[in-house]
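Going by my numbering, the residue at position 45 of the sequence shown is 45; the numbering climbs one at a time, nothing skipped.
Worksheet: one structure, shown below.
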Amino acid sequence: MLSLKLPRLLSINQVPKVFHEHSIIFGYRPPRSTATDCLFSLFQLTNETVNIWTHFLPTWYFLWNLLALSYTLDFWNEAYTWPLLVYMLSSCIYPFTSSCAHTFSSMSTRARHICFFFDYGALSLYSLGSATVYAAYIMPDKWINTAFHKWFVPVAVFNTVVCTGLSCYSR
Numbered sequence: 001m002l003s004l005k006l007p008r009l010l011s012i013n014q015v016p017k018v019f020h021e022h023s024i025i026f027g028y029r030p031p032r033s034t035a036t037d038c039l040f041s042l043f044q045l046t047n048e049t050v051n052i053w054t055h056f057l058p059t060w061y062f063l064w065n066l067l068a069l070s071y072t073l074d075f076w077n078e079a080y081t082w083p084l085l086v087y088m089l090s091s092c093i094y095p096f097t098s099s100c101a102h103t104f105s106s107m108s109t110r111a112r113h114i115c116f117f118f119d120y121g122a123l124s125l126y127s128l129g130s131a132t133v134y135a136a137y138i139m140p141d142k143w144i145n146t147a148f149h150k151w152f153v154p155v156a157v158f159n160t161v162v163c164t165g166l167s168c169y170s171r
């Protein structure tokens, strides 16, 4: 019979300070977890369980919506749908990346930083996707073809790069 050996959970005093989360005193995974341990911990109540599952499940919801849209819209030939495609892709990428970051962040201190760098980048990418769809479909008519409209997406790109860089630097 196949038995699943879940990793032992630790208290805040048993993990390095870099792994500490505000107001969380128990449920930490071992800081040198293997990738397999990290995957097994998905089925265990840890300090990351809610973060992982509340990002992983919406990924599939948005992928399902993207697939449904791809059957009704012609993303390849209809340029008007491209901002929606950008937004939907960013809506899929950001929760999946965040879920992976929270899943594998206990492998090492370096892995934790790298995982969250990707998490910050994906969140910033989602903000860019939101700005793209806003500029294309939602921006008020009186703002179309103004300097504000012309610079809206380039400023959003700049904001994405700067926010990702500053978030990673602050870590």
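Using N, Cα and C, we set each Cβ at its ideal position, and we do this for glycine too.
Given the structure is predicted, the values throughout are model-derived calculations rather than measurements.
Start and end residues, alpha helix (DSSP H) containing residue i
i: Phe117; result: 109 to 133
i: Asn145; result: No alpha helix (DSSP H) holds Asn145; DSSP gives it neither H nor E.
Three-state secondary structure assigned by DSSP to residue i
i: Leu10; result: strand
i: His26; result: As written in the sequence, residue 26 is Phe, which differs from the His given in the question. Three-state DSSP puts Phe26 in a strand.
i: Ser90; result: helix
i: Lys17; result: helix
i: Phe62; result: helix
i: Trp53; result: helix
i: Thr46; result: coil
i: Asp37; result: helix
i: Phe104; result: helix
i: Phe75; result: coil
i: Leu4; result: coil
i: Ala83; result: It should be pointed out that residue 83 corresponds to Pro in this sequence rather than to Ala. Correct three-state label for Pro83: helix.
i: Pro31; result: coil
i: Pro154; result: helix
i: Pro140; result: coil
Selection from the options that minimises the alpha carbon distance to residue i
i: Leu84; options: Asn47, Leu67, Thr46, Gly27; result: Leu67
i: Lys5; options: Thr36, Ser11, Phe26; result: Thr36
i: Arg171; options: Asp141, His113, Arg32, His20; result: His113
i: Thr81; options: Phe96, Thr132, Asp119; result: Thr132
i: Ser167; options: Trp60, Arg32, Leu123; result: Leu123
i: Pro95; options: Cys115, Ile25, Phe152; result: Cys115
i: Tyr169; options: Glu21, Phe118, Trp151; result: Phe118
i: Tyr137; options: Val161, Ala111, Ala79, Thr160; result: Ala79
i: Trp151; options: Arg29, Ala135, Thr46, Leu63; result: Ala135
i: Thr34; options: Leu63, His22, Arg8, Ile12; result: Arg8
i: Thr46; options: Gly27, Glu21, Phe148, Met139; result: Gly27
Cβ neighbours of residue i in the same chain (closer than 6 angstroms, five flanking residues each side left out)
i: Val18; result: Thr109
i: Thr164; result: Tyr120, Gly121, Ser124
i: His174; result: What the structure shows of the chain is the stretch from 1 to 171, and residue 174 is not part of that stretch, so it cannot be assessed.
i: Phe62; result: Ser91, Cys92
i: Glu48; result: His102
i: Leu173; result: It is not possible to answer for residue 173, since the shown part of the chain is limited to 1 through 171.
Cut-off 8 angstroms between Cβ atoms - residues of its own chain near residue i, not counting five sequence neighbours on either side
i: Ile52; result: Leu42, Ser99, His102, Thr103
Residue i CB to nearest heavy atom of the ligand FAD below 7 angstroms
i: Pro30; result: Inclusion of the ligand FAD in the displayed structure is not the case, the ligand content being empty and no account of it being possible.
Query raised in the report: When the Cβ atoms of the segment 31 to 46 are set against those of the segment 70 to 77, are three or more pairs found closer than 8 angstroms?
Result: no
Query raised in the report: Are at least three pairs of beta-carbons, each pair with one atom in the segment 103 to 111 and one in the segment 144 to 164, less than 8 angstroms apart?
Result: no
Query raised in the report: For the segment 126 to 142 against the segment 90 to 97, are there 3 or more C-beta pairs whose distance is under 8 angstroms?
Result: Short answer: they touch.
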